[in-house]
Amino acid sequence: MKSFRKELWFDIPSRRAFINITPEIEQCLKESSIKEGLVLVNAMHITASVFINDDESGLHQDYERWLEKLAPHEPVSGYMHNRTGEDNGDAHLKRQVMGREVVVAVTDGALDFGPWEQIFYGEFDGRRKKRILVKIIGE
Amino acid sequence: MKSFRKELWFDIPSRRAFINITPEIEQCLKESSIKEGLVLVNAMHITASVFINDDESGLHQDYERWLEKLAPHEPVSGYMHNRTGEDNGDAHLKRQVMGREVVVAVTDGALDFGPWEQIFYGEFDGRRKKRILVKIIGE
Amino acid sequence: MKSFRKELWFDIPSRRAFINITPEIEQCLKESSIKEGLVLVNAMHITASVFINDDESGLHQDYERWLEKLAPHEPVSGYMHNRTGEDNGDAHLKRQVMGREVVVAVTDGALDFGPWEQIFYGEFDGRRKKRILVKIIGE
Chain A
530 MKSFRKELWF DIPSRRAFIN ITPEIEQCLK ESSIKEGLVL VNAMHITASV
580 FINDDESGLH QDYERWLEKL APHEPVSGYM HNRTGEDNGD AHLKRQVMGR
630 EVVVAVTDGA LDFGPWEQIF YGEFDGRRKK RILVKIIGE
Chain B
530 MKSFRKELWF DIPSRRAFIN ITPEIEQCLK ESSIKEGLVL VNAMHITASV
580 FINDDESGLH QDYERWLEKL APHEPVSGYM HNRTGEDNGD AHLKRQVMGR
630 EVVVAVTDGA LDFGPWEQIF YGEFDGRRKK RILVKIIGE
Chain C
530 MKSFRKELWF DIPSRRAFIN ITPEIEQCLK ESSIKEGLVL VNAMHITASV
580 FINDDESGLH QDYERWLEKL APHEPVSGYM HNRTGEDNGD AHLKRQVMGR
630 EVVVAVTDGA LDFGPWEQIF YGEFDGRRKK RILVKIIGE
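Chains as they are written, first to last, in this note's numbering: chain A, 530 to 668; chain B, 530 to 668; chain C, 530 to 668.
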């Protein structure tokens, strides 16, 4: 069994954003030389997500609006978590809806994807350095 | 390490449905001859889910009603994504709540499940051919 | 490839709770002697979650309040599932928001975590014995 590990770093200038990281994950897979196995991609921070969906800007605006409705940033005082001095209570909730991680099959050395699947980093509390983990196991 | 891959196709006649696919996944596991490892089952489309819960029709009606409340299909114009000419903006949101994939342990050649765990395909934009991926790795 | 399997049992005295199980998962990893691979931790019951977030009591109160808003326990008659004689319809919904499972990378014999990541058991229908599965594969 072979394994591969890499961290990818982000420093998103806004509080929230969705970033397509599929090319970076494909590059990791190439570096790993793994042909059959599984890729795990996970946020290493608890106010961010990794998820798979469509690279369509209208959809990303829908996600933004919907997540703000489900778990609004304001009022900041509405979250017990923010009594710690933070203002990111909402980000911990949004991340649960969108998920921490994805597991993707590796077949013949490629991400085994359907026609529209793309991997995204979902940032819900940006404006600082944060990272994701890419772990690949297989042969 | 052994690996196994299979696609399962669906053509659901309605927009939304929940289909128990546990027997098909058990059949894949048998074909793979893998005794110890992990099974990944994921939707290959971004308006569908694979999830694990109870095979109880009342619960499925609860899911249907709840997801319609969280991300209603109508009004179709309420989603920016639908400006592309699609009408499935809601399906991309519902799929995030229910999840893209499950990872299940394989022990002694069987799905290592609790008493009520069953695997479901969740369709949120049907009436066309769509598929899921089953990838098994192990020994 | 090595594999390791263990069940962890809970008997939570309240209906709902969040329990930090990171030390128990680290202990499993130690027992497994696996240095590189993946850990799967999943609820074996369909009214409970395993998820990764922050060990901060204010945040856990935010989760509790938020999940009650998204899928309230009362009125019990509001769920079709409860016509089976159960009163846990809400728990099946809450579990979908928080997720069934996490997959964590193992690197150099440790859980490969960011600074605040901790693994939680999320109970939504307690007051009885329930369990999670820990499955580790690797080398």
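By construction, the Cβ of each residue, glycine as well, lies at the ideal position given by its N, Cα and C atoms.
Cα separation between Arg660(B) and His621(B)? 16 Å
What residues in the segment 574-585 of chain C bring their beta carbon closer than 9 Å to a beta carbon of chain A? Phe580, Ile581, Asn582, Asp583, Glu585
Measuring CB to CB, does Val663(B) end up less than 8 Å from Arg629(B)? no
Name the two residues that bound the continuous alpha helix (DSSP H) containing Arg624(A). That run of the alpha helix (DSSP H) goes 618-627.
So which residues of chain A does Trp645(C) contact, with C-beta pairs closer than 8 Å? His574, Ile575
For Gln590(C), would you say it is in contact with chain A, using Cβ-to-Cβ distances shorter than 8 Å as the test? Chain A contact via Cβ: present.
Cβ separation of Asn647(C) and Ile581(C), assumed to be a contact under 8 Å, to the nearest whole Å: Contrary to the premise, residue 647(C) reads as Gln rather than Asn in this sequence. The Cβ separation is near 7 Å, so the contact holds.
Best match in Lys598(A), Met627(A), Gln556(A) for proximity to Glu652(A) [C-alpha to C-alpha]: Comparing Cα-Cα distances from Glu652(A) to each of Lys598(A), Met627(A), Gln556(A), the minimum goes to Met627(A).
Quick one: Cα of Lys535(A) to Cα of Phe547(A), how far? 20 Å
Quick one: Cα of Lys623(B) to Cα of Pro552(B), how far? 25 Å
Burial state of Asp654(B) (16 or more Cβ within 10 Å): Burial call: buried.
If you check the beta carbons only, do Asp641(A) and Gly618(B) fall under 8 Å apart? In this structure, Gly618(B) does not lie closer than 8 Å to Asp641(A) by Cβ.
Which residues in chain C sit within 8 Å of Trp522(B), going by Cβ to Cβ distance? This structure gives no information on residue 522(B), because the portion of chain B shown stretches from 530 to 668.
Could you list which residues in chain C have their beta carbon closer than 8 Å to that of Glu630(A), in chain order? Val631, Val632
Distance, Cα to Cα, Asn611(C) vs His589(B)? In this structure, the alpha-carbon of Asn611(C) lies about 12 Å from that of His589(B).
Please state if the CB of Ile554(B) and the CB of Phe533(B) are separated by a distance shorter than 8 Å. no
With distances taken between CB atoms, is the gap from Leu558(A) to Gly638(A) smaller than 8 Å? yes
Mind reading off the beta-carbon distance from Met530(C) to Met573(B)? Whole number of angstroms is fine, and I expect it under 8 Å. In this structure Met530(C) is not in contact with Met573(B), their Cβ atoms being roughly 26 Å apart against a cut-off of 8 Å.
What is the rounded straight-line gap between the Cα of Thr613(C) and the Cα of Ser606(C)? So the two alpha carbons sit approximately 11 Å from each other.
Please list the partners that Val570(A) has in chain B, where partner means a Cβ-to-Cβ separation under 7 Å. Result: empty, since nearest Cβ-Cβ is about 12 Å, beyond 7 Å.
With 8 Å as the limit, tell me which residues of the segment 596-628 of chain C have their beta carbon closer than that to any beta carbon of chain A; keep them in chain order. Leu599, Val626, Met627, Gly628
Closest to Ile541(A) by CA distance: which of Tyr650(A), Pro601(A), Leu567(A) is it? Tyr650(A)
Report all residues from its chain with a CB closer than 6 Å to the CB of Trp645(A); omit the five preceding and five following residues, and keep chain order. Asp583
Need the endpoints of the beta strand (DSSP E) that Ile550(B) sits in, please. Unbroken run through Ile550(B): none, as it is neither H nor E.
For Glu593(A), which of helix, strand or coil comes out of DSSP? helix
List the residues that DSSP assigns as beta-bridge partners of Gln556(C). None, per the DSSP bridge assignment.
On a Cα-Cα basis, can you pick out the residue from Glu668(C), Arg657(C), Ile665(C) that is closest to Ser543(C)? Arg657(C)
Just to confirm the assignment, what range does the beta strand (DSSP E) spanning Tyr608(C) have? No beta strand (DSSP E) holds Tyr608(C); DSSP gives it neither H nor E.
So, with DSSP's three-state summary, where would you put Gly643(A)? coil
Closest Cβ-Cβ distance between Leu640(C) and chain B: below 8 Å? no
Mind listing the chain C neighbours of Thr636(B)? Cutoff is C-beta to C-beta under 7 Å, in chain order. In chain order: Arg534.
First through last residue of the beta strand (DSSP E) which encompasses Gly667(C): 658-667
How would you write the range of the beta strand (DSSP E) that Ser562(A) sits in, first residue to last? Unbroken run through Ser562(A): none, as it is neither H nor E.
By Cβ distance below 8 Å, which residues in the same chain neighbour Trp538(A) in space, the five residues on each side in sequence not counted? Lys658, Lys659, Arg660, listed in sequence order.
Where does Ser586(C) land, buried or exposed, given buried means 16+ other C-beta within 10 angstroms? Classified as exposed, Ser586(C) has fewer than 16 neighbouring CB atoms from the shown chains inside 10 Å of its CB.
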